[in-house]
Amino acid sequence: MAICPVRNTLIYLSDLILSGSLTDPKARRICEQILHLTEEISEGAAGKDHLLAIDSLIREYLTAADSKKNLETGKTLEEMFSGHREVFESHIQTRNCPSHDCGKLAPSPCQMACPAGIDIPTYLTLIARGEDAKAIEVIRRDNPFPWVCGLICTRPCEMMCVRSRIDTPVSIKFLKAFAAERAMSEGAYKNPKKKEWNGKKVCVIGAGPGGLTAAYYLSLLGYGVKIIEALPVSGGMIMVGIPRYRLPREVIDREVALIEDLGVEISYNTRFGRDITYEDLKNEGVDAFFIAIGAHKALDLGIKGEKIFPKVLEAIGFLKDVALGNHHAPGKQVVVIGGGNVAIDAARTALRLGAEKVSIAYRRSKNQMPADSEEVEQAMEEGIEFSFLTIPKEILGKDGTITGLDCIKAELIQKEGSDRLMPVPIPGGDFIIEADVVISAIGQYVDDTGMEAFSQMNWTRRGTIEVNHASMETAMPGVFAAGDAVSGPATVIEAIGSGKRAAEAIDRYLSHIPQPRTPKIPVRHHMEPPVEMTATRKMTLKHPTMPMLNVDRRRTTFQQVELGYDEEGVRKEAGRCLRCDICRRCGKCIEVCRDKMGIDALQFGYMDFDHPTETDFRATEKKCITCGACAANCENKAMVLEEKDGRRNLKLCGTLLNSQAIQYCEACGAFLPSAEYLDFVARKTGDKAKRAETRLLCNDCLRLLSAKTNVETRPAGLK
Amino acid sequence: MQFQKGNKIKVCRKSEDESWEPYMDDFIGIHGFITDPDTSINDPDALIEVSLEGKGTHRLPQDCLEQIN
Amino acid sequence: MSKYYLFQDTRTCIGCHACEIQCKSNKNLPRGAKPCQIIQVGPKMINGLPKMSFIFMPCYHCEDPWCVSTCPTGAMQKRSSDGIVFVDKELCVGCKTCISACPWGAPQWNPETGKVEKCDYCKDRLDAGLKPACVTLCTTGCLTFGLAEDMTQTRRVRHAEASASFENSSF
Amino acid sequence: MDKEVFSLCFMCSVRCPIKVKVKDGHVDWIEGNPHVAGIDGSLCPRGSAGISMLYDDQRVQSPLIRVGERGSGNWRKASWEEAIDYVADRLKDIKDKTGAHSIALCERAQLATHVSKAFLKALGSPNYFSHDALCKGSVNTACRSLFGYTDAEVGIHYGETKHIVLYGRNIFESLAVKEVKTLMAALEKGARLTYIDPRVTVTASKAHRYWMIRPGTDLALNYALIHVILKERLYDAGFVSKWVHGVNELRDFVEHYTPEWAEKETGIPAGEIIALAREISKDRPSVIFHYGYRGASHQNEIYMRRSILMLNALMGSVEAKGGIFFKKGPGEAGGKAARKLVSQEFPKIDMPRFDKAGTKDFPLPDPNHGVAQVFPYAVLNEDPYPIKALIAYRMDPLMSIADTAQTKKALDKLDLIVTIDINYSDIAWYSDVILPESTYLERTDCIQQMNGLKPQMFLRKKAVEPRYDTLEGAIILKRIGEKLGIGHYFPYETMEDLVNWQLEGTGFTQTDFEKKGFVAYGSDQIFWDRENLPFKTPSKKIEFKSSLLENAGFESFPEYQPVKAPEDNDRFRLVVGRSAIHTHVSTQNVPYLNELESENKLWINTKKAGQLGIKNNALVEVASSCGKGRIKAFVTDFIHPEAVFMLHGFGHEAGRAKRSFNKGLSDALIQENVYDKIGGSPAYHDTFVSVKPL
């Protein structure tokens, strides 16, 4: 049995009907009708009335039931539909089958990988077609920050991109940024229509990506939203944690402004618990709280000298100061301790502020660095020095001035009972890195000051807020939390995803709808017809290289480093998408063509998840006879055989695999298969096929003709 | 062991960690990829981001994951 | 040929198409597929009288069927016991090569199943000791079915005549 | 859990005996009843499509009450209780306000007809009318004028005929299995077939003699045939002198209707007319001049039908083997007929019928069937009185009464229209309430009394339970009756009860039907002794000179009125007919039948089409004085240049019958509502239409 209740219901009903046990025609008819409606649900072709129709059919069944057995069947059906109501509804609303049992509804791997569940194949197709504003509209159904994420997302989607099994993944991230920028400059980047104010008010604590996302969706749903922000700026970590050369401030401002346009009120320089209290807000009529305070407190290095010297900085604080306008170099020789993105950001920022020498000290080797490899590469290009396998021991100096960082070389050793490689000091491996500034970037944690008001809320041993991840609901009724405050330091897209989830949960809470048991699976909003192109184009489109700012400029200014693809590059890149929301890569087509037809024209190595072999769409036309058996057996109609403009075209998700000339019936003009196809048939029938009739005729005309020959050629009227 | 971005993994067991929620029981046996290890330090105790086939992307404790190839 | 014959007396056939419907109904086929079909030839004036012929076109169950030799999946088969040519639905992948191969247009496309249908003389009925649906129900009884060896010479001649010429399509 | 049930088909009104095989409550096979001679297992195309009709989801699935405008197709599902109350309440209202007579019921006569008749009688309304008049009212009157028997009491002995003459009786397309098979057997034995029709049909293609007669002139042909037969003394002198009243008047009358005269009128060479007369008289009395199944073509229909019947009389083929005969009832075999609800005592009704049939205004048509085509006039002119409600029981006035626009106007005047049917017929679509009836496979029905040479009784037995929320017509009417306080006229709860009630005193029980699907009163064919034939006319003879006609002030032998040809080149006489695939207006949406024939086409002569620039299969516009429409042309040499032809029953307006919706053209839309004022048949072929390419 499948996991999916919808699928199970289908199986149950068809077995029931086939078994012949429904001897009462009414009962059988009702089951047939329910089966039909359920099929539409499982194919994403259902509307909101489907479940109502099914309900009334079940009622009719129960009243019509003529026997105990039928009555039981009716009860079973009733349970199937009431017991898993949510699943049926989500199939209808989201056109997704989380468990992939309803083949036609399986979402694409990239969309499944996205913590915010963005409908990636759809917007890539729109971008490929040049419909940027539409693409942004699709993205913003799940993420109000297409532009921001287009520049700094950690892009798990690209990691799952099926295209990478052919060559390289589609650079999904940046295409978003391009579409946002283009739509914005054309004035086509707009907010969707929001609902009338429903009289309810929500307070969001923290104007970071999580908080702003929740605010965006809540105000669209008609809630009044007030955001409390301790800083003088909005954006949280994306504003004060991510340097401008990666994410220009204007980008953040424009997208935040759009959220403010919805009527979201942000009070800056307001720290919850100090400048405003839980009670104040309650009195203002706040119905629910959403805590998205992030993780802004840095961990201590815990080495000698850390507390003595003023020039021992923590990366987070350092980056924040810079972001808020302090543009003085911290010193001449800067050492950053850590191996994550924050460390890299701090180092590159220090460099840009005029530090003469910047180095990064990291306990392990390069390929263990958690930071994005691109970040590391770029840092190296800019002249940041890396000191790997380096364990900081002590900060040296005198009279409050740092002179250097005393380190010890380490080697990676696998310790007993652990499968992790641990850095172990090499005796006598001491050395000193000269420095007048030391910046620690070894991680942050949640700053819980001011949170006392939420007395019933629980904290984890990690110092994060404990929530039920399906609803982001804390132990305290009406109080929700998300983002780094819940996960600990994590990605922007996760914060956005959880913010959206929280918004939905808060809406449910305030409309007294029970919360879901599991986090919602990504939603496919609609299915765009795929972009049409030749197999050659599909195969030869190459990932464009990202043009970069020249290194001198990078070492001296905060200008954006990645300059972005040009329009042609973007449209092409979007066209590389394989549309995995349509083709589930089940391989049935290959199997039919190779094993059943014995033609083996389909070279789709990428479809074999476990051992991918070479893929070449262009190879299809070498052997394919456009018989259409692959299409006839494609559950999702990803593979189609169309007869158009005198050609028989075989297409996989819009990619033209083969095109052969249609033959026509010489008698009635009806379409016939291609010459290649007829050769295939002729080869099979061999020399037997010496037809009396040499004209090309369709099935019907052949019958007509042989009937006529019957009448006219046989000896008439022998008596 | 220390997980890195792109590692192919399997949810091999129920985690002992407090962050494990009942709905995660459905994840056991499912394959996926590490999409974001702990971003700053390689903390074996940190929750890390994995994308699971058919289940979406979640942060899980590391003790329930094993690398596969 | 199969070991059976299916004889149509065009003299008594009135082209009512009942056979087509009976066949479809028995096989429960959707719109489009017609394993057997009545083809009207004429009207045409013959010796001052308007004549029509209605020719019954089932599958001829050839001695050496091209549909069988062309079928890549082995779905199209010839039953060794009696030479009936039939499709095994399990094996058919809908490549339609049999349709192109057959010179009589016998194999038919079933758009609902994406597979091929064809006249199999209702072998399930034959195995149950019955006759094909079309023969059993024919409005005028112009269709007869039996073992080829039982077909008398006179009947053969009449078959030739009857299924021949307009003259013999009426009385 | 398989079973076999003997029953009666109802894909058309012939009701052939069938055997139904049921598997797990599902019908998976239907065949003709092998025990019935002349059927022997055969099933016609419509009968063969029975299963596809039964499982078609485009049937009416539950009672429906209209919510939008009439004809808008907006319905709400209703329970039977609600629907019955709805109808009963309104009927009661109407009865109280304007009297029971303002409620009419029209019906395609069927096995439960005695129930619907009883329903109206109990209600106190005289206004029952059936489809019969539309089909053969004048044939009925003609038969009574000559024999004193209705056409329903006359049969045709195909099996042993030596020569049959068919006047447009397209017996091999508008077909009934038994007729076809017995006639086919006769032809195999060497019988001759003469076929007369402006159009070449399948029947024409099987004929030994075919005349493409000028449309509307059959009567002239017959007068000439009679002329020859009397002049050359080719008739059965013995039979005629013993049984015919008025042969001399006839002789004088046809004196000047010579073959040469007829040749000019009909286009049939005089020589051939004479040849037929001589040839056929050699085979008498085993010859048949077929008096027609549908006899509703011209305004002089009754005289046309009389002339055919007179030819039979002259050939002495009346009550003769291979000729025509009078049907024998149970009484003749010492048996008793099944009871009918109408045999009960009902309150007297003094109101006249809406169509005045049987009164001095319209004396001759059979009041038992009424005259349907008068209905629109009666309603529109409130003559003789206002009519407020119509119950349409499997009959569709919109498509079977000529001039749909006028009929619609009339319907718009009604306060209530209720349809009882299995289909979304056009009248159902135009109703206020649809009460869906169970199909023939889903219901037990009333006894079929089969009079004939061997009187028998047949039973339609339920094969499967209803698939949708439907009921038997007889139960529906009973339920309405109960709400109207006339429930006691329906002494049954189930159809089984009703059948038992009917069989009381016949000596038969339902179980007797189980073996073969029918019971016979006797074993031998009953022919009356030709020495004493019990004609029911005042003169006890076959009245060529008809007292029925003359007492009503009509002539027995009115002068022949020449048939005018269409004036203009683009005008034609519209002729209609049937095919083997469809039954009247009721099967066009049945899946398998629709696949074979989904629309009708306009037959037009090749030369004429050429002159008008009409291409084969191209759309043309057909227009008459009362309506117009579009239809594809079928250009052929095989139709008379003065005529265009189309199949009856297409161009449906019921949206939920998706396959047939808007396919082809409805003949009723363009036919003018003119009729035979004496005999009662409509004159469906008296409309001239203009045809132009589009």
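Going down the list, the protein sequences come from chains Z, P, L and W. Following the numbering used here, the numbering of the first sequence begins with 1 at its first residue and continues without gaps. Following the numbering used here, the numbering of the second sequence begins with 720 at its first residue and continues without gaps. Following the numbering used here, the numbering of the third sequence begins with 789 at its first residue and continues without gaps. Following the numbering used here, the numbering of the fourth sequence begins with 960 at its first residue and continues without gaps. Quick reminder that beta carbons are idealized off the backbone N, C-alpha and C, glycines included.
For residue i, the three-state DSSP class (helix, strand or coil)
| i | result |
| --- | --- |
| Glu-568/Z | helix |
| Pro-715/Z | For Pro-715/Z, the predicted structure reports a pLDDT of 38, less than 50, and the residue's modelled location is therefore unreliable. A value from the coordinates is still provided. Reduced to three states, the DSSP call for Pro-715/Z is coil. |
| Asn-191/Z | coil |
| Met-1/Z | Confidence at Met-1/Z is low in this model, with a pLDDT of 49, below 50, so the placement of that residue is unreliable and no value is reported for it. |
| Phe-1284/W | strand |
| Tyr-217/Z | helix |
Bounding residues of the beta strand (DSSP E) (the contiguous stretch that carries residue i)
| i | result |
| --- | --- |
| Glu-768/P | 767-771 |
| Val-1522/W | Note, Val-1522/W: premise wrong, no beta strand (DSSP E); not H, not E. |
| Val-904/L | 903-905 |
| Ala-1063/W | 1062-1066 |
| Cys-203/Z | 201-205 |
| Lys-1591/W | 1587-1595 |
| Asp-430/Z | 421-434 |
Residue from the options whose Cα sits closest to the Cα of residue i
| i | options | result |
| --- | --- | --- |
| Val-286/Z | Val-240/Z, Gly-478/Z, Ile-242/Z and Asn-341/Z | Gly-478/Z |
| Asp-552/Z | Arg-364/Z, Leu-353/Z, Arg-462/Z and Lys-596/Z | Leu-353/Z |
| Asn-550/Z | Pro-544/Z, Gln-560/Z and Leu-541/Z | Gln-560/Z |
| Gly-199/Z | Leu-218/Z, Ala-188/Z and Cys-31/Z | Leu-218/Z |
| Phe-1313/W | Phe-1212/W, Leu-1300/W, Val-1301/W and His-1328/W | His-1328/W |
| Ala-1316/W | Gly-1638/W, Pro-1228/W and Met-970/W | Gly-1638/W |
| Ala-1255/W | Ala-1297/W, Lys-1651/W, His-1644/W and Pro-1652/W | His-1644/W |
| Ala-1337/W | Val-973/W, Pro-1521/W and Lys-1372/W | Lys-1372/W |
Span of the alpha helix (DSSP H), counted from its first residue to its last, around residue i
| i | result |
| --- | --- |
| Leu-925/L | 921-925 |
| Cys-589/Z | 588-591 |
| Ala-410/Z | Looking at the DSSP string, Ala-410/Z is not in any alpha helix (DSSP H); the run it does join, the beta strand (DSSP E), is 401-414. |
| His-50/Z | 50-64 |
Inter-residue CB distance, residue i and residue j (contact presumed, cutoff 8 Å)
| i | j | result |
| --- | --- | --- |
| Ser-1104/W | Leu-1508/W | 5 Å |
| Leu-672/Z | Cys-698/Z | 6 Å |
| Ala-343/Z | Tyr-445/Z | So it is not a contact: roughly 16 Å between Cβ atoms. |
| Tyr-1250/W | Val-1098/W | 6 Å |
Within 9 Å, strictly: CB atoms of residue i and residue j
| i | j | result |
| --- | --- | --- |
| Arg-1005/W | His-1541/W | yes |
| Pro-486/Z | Ser-498/Z | Note on residue identity: the sequence assigns Val, not Pro, to residue 486/Z. Yes, Cβ-Cβ distance for Val-486/Z and Ser-498/Z is below 9 Å. |
| Asp-447/Z | Ile-293/Z | yes |
| Ala-495/Z | Met-457/Z | no |
| Leu-578/Z | Arg-163/Z | yes |
| Phe-1467/W | Phe-965/W | no |
| Cys-1094/W | Ser-1640/W | yes |
| Ile-977/W | Cys-968/W | yes |
| Pro-109/Z | Met-184/Z | no |
| Val-1633/W | Arg-1530/W | no |
| Ile-152/Z | Arg-249/Z | no |
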